[in-house]
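Residue numbers (this note's numbering): 16 to 476.
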């Protein structure tokens, strides 16, 4: 069940909010736990047991870490056991077939290829539960002795299937008691509606252009560039829209989740881009992989190794495919280049040139990310670089057809709207706010009723 679906908007969410508001304060975590399990089971009831297993493993391991606090060796063993269990779940369901197929191909063995469907959101909630045990060991989060509260954290439906990745230390106090008031609820509704509009009115509107590009058997260079531009906008508004909806839903239930996007397409370097894109994931790898490896407080050789490890893991986290590994390596090399020599050159370049450079790198990265077949990937890059016909009249038709939407998407990728909103007086915002929310919900509902195109790109992660 997507947030941008009619059953969620007009059945699930209203019913859950109604029950939650009526529930006594002491039962609200239980209410959210049951509602979240129902939400997850709606799409994949078979895999609820995987989530319950993850809850049990990390709940017990957190208690073991605290119990063995004075026996550091045992406590570290509990942390290692938790990490192994979580990674075992992730590897088995997400990567086993990829590993087996490649081992069979290179060695001639016949390891079984299971063909199991990927549990929804497994990449997100396994990372969250791993962070819990590690944070308890580091004393940056208290151990959770209430199983219901811990289960609520793991299953919390607003951010369950596609983040943001919420570390336990961020919401530990909120699980015990959170600030629930009308002002926060209204803010949540506004944020949710903004995210819904991003997804339904923007991402869904430009997505068909990318789909047409992928199926075009006679793609030109102009068509390839137009297609990957559409893909870049679709990915951003799809995923950032979902994150906005998650933050908004969290506020409706009294939670504050971390921001996941900060206008990444205005960046003027690759390093800046990754400070603005999928912030919760980059923060997770920085805290739990990069710093433990030594970060940049090591020799240059080890520092380069650390960057490569982090970005290869970032790539493969997104999917079991060679293109994702290449995508991670691609960004590792650009990050290293900027930190070793390119950054000093960029500092002297005009801002517009730095922005163009960054967007060209990002667009190239989206090709690696989105075209999973290695043969098609090579052909797509060849086409982008002018290896085929440069232009056909059909490209002009597509450009003019989508030009108004491309202009809207470009402006919406900047802080312009936020800046204009901030310049309005409180009275104007008080009047316009409800009108925009109502208008946005009406437009999104009409779009969802009328259209069959409503994918969610990060659902598979």
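Here a beta-carbon is modelled for each residue, glycine too, at the ideal position from N, C-alpha and C.
Measuring CA to CA, which of 270, 88, 261 and 343 is closest to residue 192?
Nearest C-alpha to residue 192: 270.
To the nearest angstrom, report how far apart residue 152 and residue 452 are at their CA atoms.
Going by C-alpha positions, residue 152 is about 44 Å away from residue 452.
Per DSSP, what kind of secondary structure is residue 254 in: helix, strand or coil?
When secondary structure is reduced to three states using DSSP, residue 254 falls in the helix class.
Round the Cβ separation of residue 203 and residue 266 to the nearest angstrom and send it over; I've been treating them as touching at under 8 Å.
Yes, they are in contact, since the Cβ atoms of residue 203 and residue 266 sit about 3 Å apart, within 8 Å.
Checking 8 Å against the spacing of the C-beta atoms, do residue 44 and residue 118 come in under that value?
The Cβ atoms of residue 44 and residue 118 lie no closer than 8 Å to each other.
Taking 8 Å as the threshold (C-beta atoms), are residue 179 and residue 252 in contact?
Against a cut-off of 8 Å, the Cβ pair of residue 179 and residue 252 comes out as no contact.
Can you check which of these residues, 90, 52, 148 and 89, is closest to residue 74 by C-alpha distance?
Here the closest residue by C-alpha is 148.
Run through the stretch 183 to 261 for me and flag every whole alpha helix (DSSP H) of 4 or more residues, listed as ranges in chain order.
The qualifying runs are 183 to 191, 197 to 212 and 219 to 230.
With distances taken Cα to Cα, identify the nearest neighbour of residue 206 among 167, 243, 256 and 250.
Nearest option by C-alpha distance: 256.
With three or more C-beta pairs closer than 8 Å as the rule, is the stretch 414 to 425 touching the stretch 215 to 229?
Enough Cβ pairs lie closer than 8 Å, so yes.
Please look up how many angstroms separate the CB atoms of residue 55 and residue 175, rounded, as I've assumed it's under 8 Å.
That belief holds up - the Cβ atoms of residue 55 and residue 175 are roughly 6 Å apart, short of 8 Å.
Between the CA atoms of residue 22 and residue 457 - distance to the nearest angstrom
When rounded, the separation of the alpha-carbon atoms in residue 457 and residue 22 is 15 Å.
What would DSSP say about residue 292, mapped onto helix, strand or coil?
Here DSSP, grouped into helix, strand and coil, assigns residue 292 to coil.
Can you look up residue 388 in the DSSP assignment and give me helix, strand or coil?
In the structure shown, residue 388 falls within a coil segment according to DSSP collapsed to helix, strand and coil.
Three or more C-beta pairs closer than 8 Å, one from the stretch 290 to 306 and one from the stretch 380 to 390: is that the case here?
With a cut-off of 8 Å, the stretch 380 to 390 and the stretch 290 to 306 do not count as touching, because too few Cβ pairs lie within range.
Cβ of residue 274 within 8 Å of Cβ of residue 250?
Taking 8 Å as the cut-off, the beta carbon of residue 274 is found no closer than this to the beta carbon of residue 250.
Looking at the unbroken alpha helix (DSSP H) that takes in residue 337, where does it start and where does it end?
Residue 337 -> alpha helix (DSSP H) spans 337 to 352.
State the start and end residues of the unbroken alpha helix (DSSP H) segment that holds residue 150.
It spans 137 to 153 - the alpha helix (DSSP H) in which residue 150 sits, taken as one unbroken run.
For residue 92, report the span of its alpha helix (DSSP H) as first-last.
87 to 105 is the span of the alpha helix (DSSP H), which, as asked, contains residue 92.
I'd like the list of long-range same chain contacts for residue 319, defined as Cβ closer than 8 Å, with 5 residues on each side in sequence excluded.
351, listed in sequence order.
For residue 108, collect the residues of the same chain with a Cβ closer than 7 Å to its Cβ; drop the 5 residues on either side in sequence, then sort them by chain order.
Apart from sequence neighbours up to five positions away, the residues of its chain that approach residue 108 with a beta-carbon distance below 7 Å are 131, 133, 134 and 137, ordered along the chain.
Which same chain residues end up closer than 6 Å to residue 364 when comparing Cβ atoms and leaving out the 5 residues on each side of it in sequence?
For residue 364, where only same-chain residues beyond five positions count, there are no Cβ hits under 6 Å.
Quick check: the Cα distance between residue 409 and residue 281, rounded to an integer number of angstroms?
For residue 409 and residue 281, the distance between alpha carbons rounds to 30 Å.
CB contact flag (residue 76, residue 93, <8 Å)
Cβ atoms of residue 76 and residue 93: closer than 8 Å.
Can you tell me whether residue 4 is helix, strand or coil according to DSSP?
Lying outside 16 to 476, the shown extent of the chain, residue 4 is not represented and no answer is given.
So is residue 362 buried or exposed if we call it buried at 16+ other beta carbons inside 10 Å?
Per the 10 Å Cβ criterion, exposed.
Cα-Cα separation, residue 146 to residue 314
A direct Cα-to-Cα measurement between residue 146 and residue 314 gives close to 27 Å.
Beta-carbon separation of residue 292 and residue 276 under 8 Å?
Yes. Within cutoff.
Find the nearest neighbour of residue 398 within the set 235, 101, 245 and 159, judged by alpha-carbon distance.
Ranking 235, 101, 245 and 159 by Cα distance to residue 398 puts 235 first.
Following a CB-centred definition, is residue 365 positioned closer than 7 Å to any heavy atom of the ligand NAP?
With respect to the ligand NAP, the structure offers nothing, as it holds no ligand at all.
Drop a sphere of 10 angstroms on the beta-carbon of residue 150, count the other beta-carbons inside from all chains shown, and report buried for 16 or more, exposed for fewer.
Buried is the call here.
Do residue 172 and residue 38 have their CB atoms nearer than 8 Å?
For the 8 Å CB-CB criterion, residue 172 and residue 38 do not form a contact.
Considering only residues of the same chain and omitting the five flanking positions on each side of residue 199, which have a CB-CB separation below 6 Å?
Around residue 199: 266.
Quick check: the Cα distance between residue 100 and residue 72, rounded to an integer number of angstroms?
C-alpha separation (whole angstroms): 8 Å.
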